[in-house]
Each structure stands twice: as structure tokens, then as C-alpha cells.
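Numbering (my numbering), first residue to last: 599 to 1090. Below you'll find the structure, written out as C-alpha cells, and then a few comments.
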């Protein structure tokens, strides 16, 4: 049995415990510990992707208990891709924070590691109750990270975030109770098997449980009407935290796609139709939010919501061919939005007290380099050629032949052009004198470059990226392989 699969959970867990024991004043040691953990996660992510490349499933039985009675971790192409994506995002985010932002509050590094533990565990677990557990781990850590740095705006946004997610956790437990009551199990593969032969009386309860799961996952993913917490929370968080939070919405999307792919029937048709329309509404409202944003951080937060609407609508459209370009776009949007959050932090530091507000202000120190980075990031996130956003959007337009989706996706691109053009011209051209801000450090610039450089890289190797996305999609379209790997001879 390969033990690599548990490493993405154990490494940040052990690092987080070690960081809690280290002396808080020894900042260099704490930064070294955190960065070493993230570097190890990056290496492990590459190993897991290589391990999952041939399409084989890796099932890790904790305590050597057989499923469905024991807890299992399951590695396939989808989970391996998401673990690697998390590691690629986490290292530059922590490197950025290690330039001083980590000193704005206690236990930042420990919380950062526990956040990674929860995210990776959610991607790897094969059990719905443990999905709830890992959700709680990442949420508890995110509560502390969202409030890191203090400030009334941050506390207000963080309070809304905490309350909404506590409600979501309650609904999640109710859904799990209904699923266990109707199927007698919470193992995802076992639920997928037993859902096919439920008595007529239990089918309604099971359908209600699935609809509750859509609500919970929609809250985590920031789907309309449950996305209003995201713009304020992300915009008021420190840049490194907001960049890491870019993967948080994808955890909700991942859970939704995983459950949708496994539990083929009985899926309530109203649930899938609702996801389609809610995705489109989310996309449309995010366009208005980006146009009306008064801060660069808020505009980027609405771009995250825009990507959520784009993905949810594509995943729920019912067109299997759309799965691969949607996965490609998921990776692209996560990395670019993370880069833009870090870049917004550099702009705010360079403008002094004005921060990232979209008003005329002092010239940005190091503005020439930042303007170039902003231009690249804007082109990438909008979806203009020749960067990766263009490839992802063209793929979605080709595989989701719905006129309303076409119109909204193209309008979203136009709104992105207008919003970011206004932001760029205001921040870099409407200057009123010398700045009292700070010049960007090399490490902060390197963190932004790390993420931005991945967009042209994804475009340059676009064919290979789409082929990998297609391989992931093929595995998701064949849920029997997942069920057989987890249950073995117990699968019927």
C-alpha cells in the first residue's frame, strides 16, 4: 500500500502542531517551517499526479479497516490535480506573507497549515462525514485567517462569514443524517451503490438530502444567493490569505462535482436545473459587482464569483464534453485570481494610505513593473488571447451550446475588460503626486510572478493541459471504477 496519499494531510498537520510549539518571536524559524511544509506539499503533489496519471485508483484504508466500515482516502486524477493546485497556490502565498504580513497577528503560520490540511483532506476523503470534518478544519482555520490583521471592516466581514458557514455546517449535518438514515452508510462509493435500489419511500428523503448538499456546497462555492459574504471577506483579508482563499470556492465545486459524478441516480432533476440557473445568475450578478467595485480587491473578489458561476453552469449543463474545458478553466481561474489578490496587495502598499481604492491618488512606487504585471493578469483573467483564459473560455463556448450561456460568458468578458481597464487607468495613470507608500520587495514580486507565469505556461502547453483535463473528465464519467476500487468485491 502506498502511503504517499496521506502525506498532503499529515505534512501540514505536523507542521501546524510544530508551529504552535515554536516561540512566536522567532519569526525566521516559523517562516522556514511553513515554507518547508509548502515545498514538501508541492513535491508530494507532483508525486501524486504522477501516481494517478495511468488512471489507477489508490485507496488508503485508515486502520486497515475495509470500506464501507472504515475511513478511506481515495486518490484519482481529479483529487491529485486539486492537491497539486493547492500546493502551487500555497507556496507563493506564504512566501508573500512571510515578508511581514504574517506578523500582524499570532499563530498565522499554524492556521495557514491547518487550512491546507483541511483543504487537502476534503479533496482526498472518500467518506461524506469526513468531508464534513475536513470542511470544519479548513473553516475553523479560515476564521482566524480572515480576521488576521485586525480592523473593523475585517471583523465585520469575518463575522458574516463565520455565521453563514455555521449555518451551512448545521445543514450539512442534517443532510448526512438523512443520507445515513436512508442508505445506512456515508462512504461515498457505498452511497452510490445503495442509492440505485432505494425503496420508494426513502427516495424522497434521499433527494431532499442531496438538495441540502447542493445548498451547503453552493454556500462553500459562493453560489447565488449565498455568495454575498465572499466579496467583503476576500477584499478585507490580507493579500496572502485572500490568495489562498481563491481555492476555497473550488472545494465546494469539487465536492459538488464528486457527488454528482458518483450518485448518478436518483438525482432530483430540479436540483440540476436549479444549479444551471443559479450558476447563470451568479455569473450575471458578478459582472455587475465587478463594474461597481470601489476597490481593486473587491473587483478581484467578484472575478472569483464570476468564475464560480461560469464553472457551476458548465458542470450542471448536462453536456459531458464541457467537463474537460471546465476543469482547465478551474485551474486557470484559481491561479490568476490568487495572483491578482497578491498584486492588489502590492498596489495598496505602493499607494500608501489610499490603498487599493479606485480613486485618484499618489503615484505607486515601482508602478512601472506593477502596471505590466497588472496588464498580464487582466488579460489572463478576462480571457483574451493568447493566455490560458482564452483557451478555457473557447473550450467552454464550443462544448456548452446554450445561447444564454454564450451571451453571459461573452458579456462577463466585456464587463471584465471595462472593470479592469477602469481600475488600471485609475491606479496607474490618475496620479496626484509622490507616494508615501512602500516599494515592492523582490520576494513579493517573485510570488506574484510565480502565479502569473503559469498562465502563459498553460497556454504554451495548452494541448497537453486539455488532454490531462480530458483524462480527468473521462475518469469522472466512469463512476463504476471509483466504486469498484473502494468496495472491491462488495460493489454490486
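Yeah, the Cβ is synthetic: ideal placement off N, Cα and C, and Gly gets one too. Keep in mind it's a predicted model, so treat the numbers as computed, not measured.
Contacts around residue 973, its chain only, beta-carbon distance under 8 angstroms, and the 5 residues preceding and following it disregarded: Taking the chain shown and counting its residues from 1, the one referred to as residue 973 is at position 375. For residue 973, where only same-chain residues beyond five positions count, the Cβ hits under 8 angstroms are 1022.
Neighbour-count burial assignment, residue 1086, 16 or more Cβ in a 10 Å radius: As a first step, residue 1086 is located in the chain shown; it is residue number 488 there, counting from the start. Exposed is the call here.
Per DSSP, the bridge partner or partners of residue 785: Counting from one through the chain shown, the residue named residue 785 turns up at place 187. Answer is 725, bridged to residue 785.
Cutoff 7 angstroms: residue 981 Cβ touching any chain D Cβ: Although the question refers to chain D, the structure presented lacks it and comprises just one protein chain.
For residue 579, the first and last residue of its enclosing beta strand (DSSP E): Only positions 599 to 1090 of the chain appear in this structure, which leaves residue 579 out of reach.
Nearest-angstrom beta carbon gap, residue 956 and residue 1024 [assumed within contact, 8 angstroms]: Counting from one through the chain shown, the residue named residue 1024 turns up at place 426. Counting from one through the chain shown, the residue named residue 956 turns up at place 358. So it is a contact: roughly 5 angstroms between Cβ atoms.
Backbone CA spacing between residue 648 and residue 998 [nearest angstrom]: Position 50 of the chain shown holds residue 648. Position 400 of the chain shown holds residue 998. Between residue 648 and residue 998, the C-alpha separation is close to 30 angstroms.
Anticipated Cβ contact below 8 angstroms, residue 1100 with residue 687, distance rounded: Nothing about residue 1100 can be reported from this structure: the residues present for the chain run from 599 to 1090 only.
Backbone CA spacing between residue 1089 and residue 795 [nearest angstrom]: Position 491 of the chain shown, counting from 1, holds the residue named residue 1089. Position 197 of the chain shown, counting from 1, holds the residue named residue 795. Only weak support is given to the placement of residue 1089: the predicted model assigns it a pLDDT of 41, under 50, and the question is left unresolved by the model.
Touching by the beta-carbon criterion (3+ pairs, under 8 angstroms), the region 959-967 and the region 718-725: no
C-beta atoms of residue 941 and residue 985 nearer than 7 angstroms: In the chain shown, counting from the first residue as 1, residue 941 sits at position 343. In the chain shown, counting from the first residue as 1, residue 985 sits at position 387. In this structure, residue 985 does not lie closer than 7 angstroms to residue 941 by Cβ.
Complete runs of the alpha helix (DSSP H) confined to the region 634-708 [at least 4 residues]: 675-695
Beta-carbon contacts of residue 1093 that lie in its chain and below 7 angstroms, excluding the five residues immediately before and after: Nothing about residue 1093 can be reported from this structure: the residues present for the chain run from 599 to 1090 only.
Burial state of residue 728, where buried means 16 or more other Cβ atoms lie within 10 Å: Along the chain shown, read from residue 1 onward, the residue named residue 728 stands at position 130. Label assigned to residue 728: buried.
Rounded C-alpha distance that separates residue 896 from residue 945: Within the chain shown, residue 896 is the residue found at index 298, counting from 1. Within the chain shown, residue 945 is the residue found at index 347, counting from 1. Taking the straight line from one Cα to the other gives about 13 angstroms.
With 16 other Cβ atoms within 10 Å as the buried cut-off, status of residue 779: The sequence position of residue 779 within the chain shown is 181, counting from 1. So residue 779 ends up on the exposed side.
Residues that DSSP places opposite residue 1029 in a beta bridge: As a first step, residue 1029 is located in the chain shown; it is residue number 431 there, counting from the start. Answer is 959, bridged to residue 1029.
Opposing strand residues paired with residue 893 [DSSP bridges]: Translated into positions along the chain shown, residue 893 becomes position 295. The partner list for residue 893 (beta bridge, DSSP) reads 955.
Residue burial classification, residue 880 (beta-carbon count within 10 angstroms, cutoff 16): As a working note, residue 880 is residue 282 in the chain shown. Residue 880 should be labelled buried.
As assigned by DSSP and simplified to three states, the class of residue 845: Position 247 of the chain shown, counted from the start, is the residue given in the question as residue 845. It is coil, neither helix nor strand.
C-beta atoms of residue 907 and residue 872 nearer than 7 angstroms: Looking up residue 907 in the chain shown gives position 309. Looking up residue 872 in the chain shown gives position 274. Contact: no.
Of the listed residues 600, 1013, 1052, 643, nearest to residue 609 (C-alpha basis): Here residue 609 is taken as the residue at index 11 of the chain shown, counted from 1. The candidate whose alpha carbon is nearest that of residue 609 is 643.
Residue closest to residue 776, alpha-carbon to alpha-carbon, out of 764, 810, 674: What you label residue 776 is simply residue 178 of the chain shown in a count that begins at 1. Cα-wise, what sits closest to residue 776 is 810.
Straight-line Cα distance separating residue 700 from residue 1046: For the purposes of this step, residue 1046 is identified with residue 448 of the chain shown, where counting begins at 1. For the purposes of this step, residue 700 is identified with residue 102 of the chain shown, where counting begins at 1. Taking the straight line from one Cα to the other gives about 17 angstroms.
Span of the alpha helix (DSSP H) around residue 973: Locating residue 973 in the chain shown gives position 375, counting from the first residue. Run containing residue 973: 965-980, per the alpha helix (DSSP H) assignment.
Close Cβ partners of residue 841 (< 6 angstroms) along its chain, the five nearest in sequence each way excluded: Start at 1 with the first residue of the chain shown, and residue 841 comes out as number 243. Around residue 841: 691, 936, 939, 940.
Distance CB(residue 903)-CB(residue 819) smaller than 7 angstroms: If you number the chain shown from 1, residue 903 lands on position 305. If you number the chain shown from 1, residue 819 lands on position 221. Going by C-beta atoms, residue 903 is not nearer than 7 angstroms to residue 819.
Pairwise C-alpha distance: residue 851 and residue 613: Counted from its first residue, the chain shown places residue 613 at position 15. Counted from its first residue, the chain shown places residue 851 at position 253. Cα to Cα, residue 613 sits roughly 27 angstroms from residue 851.
Option in 726, 1002, 710 with minimal Cα separation from residue 814: Residue mapping note: residue 814 aligns to position 216 of the chain shown, counting from 1. Cα-wise, what sits closest to residue 814 is 726.
Contacting residues, own chain, Cβ-Cβ under 6 angstroms from residue 978 (five flanking each side not counted): Within the chain shown, residue 978 is the residue found at index 380, counting from 1. The residues are 934, 985, 987, 1053.
Residue 864 versus residue 786: straight-line alpha-carbon distance, rounded: Numbered from its first residue, the chain shown carries residue 864 at position 266. Numbered from its first residue, the chain shown carries residue 786 at position 188. Confidence is the limiting factor: at residue 864 the pLDDT is only 48, short of 50, which leaves the residue's position unreliable, though a coordinate-based value still follows. Between residue 864 and residue 786, the C-alpha separation is close to 14 angstroms.
Residue 697 versus residue 893: straight-line alpha-carbon distance, rounded: The residue labelled residue 697 in the question sits at position 99 within the chain shown. The residue labelled residue 893 in the question sits at position 295 within the chain shown. Taking the straight line joining both Cα atoms gives about 23 angstroms.
Outcome for residue 910 when other beta-carbon atoms lying within 10 angstroms are tallied against a minimum of 16: The count along the chain shown starts at 1 and reaches residue 910 at position 312. It is buried - the Cβ of residue 910 has at least 16 other Cβ atoms within 10 Å.
Assigned secondary structure, residue 864 (DSSP; H/G/I helix, E/B strand, else coil): To locate residue 864, count along the chain shown from 1; it is residue 266. Note on residue 864: pLDDT 48, under 50, position unreliable in the model; no value is reported.
For residue 601, the three-state DSSP class (helix, strand or coil): Locating residue 601 in the chain shown gives position 3, where the first residue counts as 1. Coil.
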